[in-house]
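Read through the structure below, which is laid out as structure tokens, and then see the notes.
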Amino acid sequence: MTIADNAFRLAIGIFYEAAKLESVMAELRADGFTLQDVCLVGTAAALNAAREHATGTQAADGMAALDSASMQTLDCRLEGMDIVATQGPLIQSLVETRRFGHPSRRSWLQQELCDRLAGHVRKGAIAVLVSVRSAVSQQRCSRILLRHSSHAVQTHEFTLSPFEPA
Numbered sequence: 049m050t051i052a053d054n055a056f057r058l059a060i061g062i063f064y065e066a067a068k069l070e071s072v073m074a075e076l077r078a079d080g081f082t083l084q085d086v087c088l089v090g091t092a093a094a095l096n097a098a099r100e101h102a103t104g105t106q107a108a109d110g111m112a113a114l115d116s117a118s119m120q121t122l123d124c125r126l127e128g129m130d131i132v133a134t135q136g137p138l139i140q141s142l143v144e145t146r147r148f149g150h151p152s153r154r155s156w157l158q159q160e161l162c163d164r165l166a167g168h169v170r171k172g173a174i175a176v177l178v179s180v181r182s183a184v185s186q187q188r189c190s191r192i193l194l195r196h197s198s199h200a201v202q203t204h205e206f207t208l209s210p211f212e213p214a
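Residues 49 to 214, numbered by my numbering, are exactly what the sequence shown covers, in order.
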């Protein structure tokens, strides 16, 4: 199967422990993934707790994505809980795809991701979403996520196509 140039690839890991979240963020950064490639998703309480736990130079560098001024509330809700994400190009791509889509399907991507993460987020987990450019980098990223997470890593490949009115 050939993936088009406008393919969008994600690798998603689930983290319940701040120490494991810190270590995966540090390893992703050491392997060349930038904060532009990464988005953290969870409740504001979970993200704030992880930020408060970050200590030391390695953790502080890896956890730079948790700058409190850079949180964005997503359009999906889980039984009264607001879901937030760290701002950056990755979440903007997901939001812009939703914003410019057909009204009847405008939030499918964001809602589908929220639905897949719902059970974990309800229990206080933080999802690490990493945008990757190729199948090779997706495999490399997935291995990093698997080394630190006690849960399976989700991978997604899809095409972000602009909305064309009928």
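Quick reminder that beta carbons are idealized off the backbone N, C-alpha and C, glycines included.
Give the single residue among the options whose Cα lies nearest to the Cα of residue i.
i: Ile139; options: Ala166, Tyr64, Val89; result: Val89
i: Ser118; options: Gln84, Gly128, His101, Arg181; result: Gln84
i: Asp123; options: Gly80, Gln187, Ala173, Thr91; result: Thr91
i: Pro137; options: Cys87, Ala173, Asp79; result: Cys87
i: Ile131; options: Gln186, Ser197, Asp163; result: Asp163
i: Arg170; options: Ser197, Val180, Glu127, Arg191; result: Glu127
Whole-angstrom Cβ separation of residue i and residue j, contact assumed at under 8 angstroms?
i: Ala9; j: Val178; result: Here the chain comprises residues numbered 49 to 214, so residue 9 is not present and cannot be evaluated.
i: Ala55; j: Glu205; result: 6 angstroms
i: Ile174; j: Ala102; result: The Cβ separation is near 12 angstroms, so there is no contact.
Roughly how many angstroms separate the alpha carbons of residue i and residue j, rounded to a whole number?
i: Gln202; j: Leu69; result: 16 angstroms
i: His199; j: Ile62; result: 6 angstroms
i: Arg57; j: Glu100; result: 30 angstroms
i: Arg77; j: Cys189; result: 11 angstroms
i: Glu65; j: Leu161; result: 21 angstroms
i: Leu193; j: Met129; result: 26 angstroms
i: Ser182; j: Asn96; result: 32 angstroms
i: Val72; j: Thr82; result: 13 angstroms
i: Asp79; j: Val176; result: 15 angstroms
i: Gln186; j: Ala67; result: 23 angstroms
i: Gly167; j: Ser197; result: 16 angstroms
i: Thr207; j: Gly172; result: 30 angstroms
i: Thr121; j: Ala133; result: 6 angstroms
i: Arg195; j: Ala74; result: 12 angstroms
i: Gln135; j: Leu165; result: 18 angstroms
Please list the terminal residues of the continuous alpha helix (DSSP H) segment that includes residue i.
i: Glu205; result: From DSSP, Glu205 is part of no alpha helix (DSSP H) but of the beta strand (DSSP E) over 202-207.
i: Ser190; result: 183-196
i: Ala94; result: 92-101
Identify the continuous beta strand (DSSP E) that holds residue i and give its terminal residues.
i: Ala175; result: 174-180
i: Phe56; result: 55-63
i: Thr82; result: Here Thr82 belongs to no beta strand (DSSP E), and DSSP marks it neither H nor E.
Name, in chain order, the residues that DSSP records as bridge partners for residue i.
i: Cys162; result: DSSP, once it has assigned bridges, lists no residue as partnering Cys162.
i: Val72; result: Per DSSP, none; premise fails for Val72.
i: Gln120; result: Ala133
i: Val89; result: Ala133, Ala175
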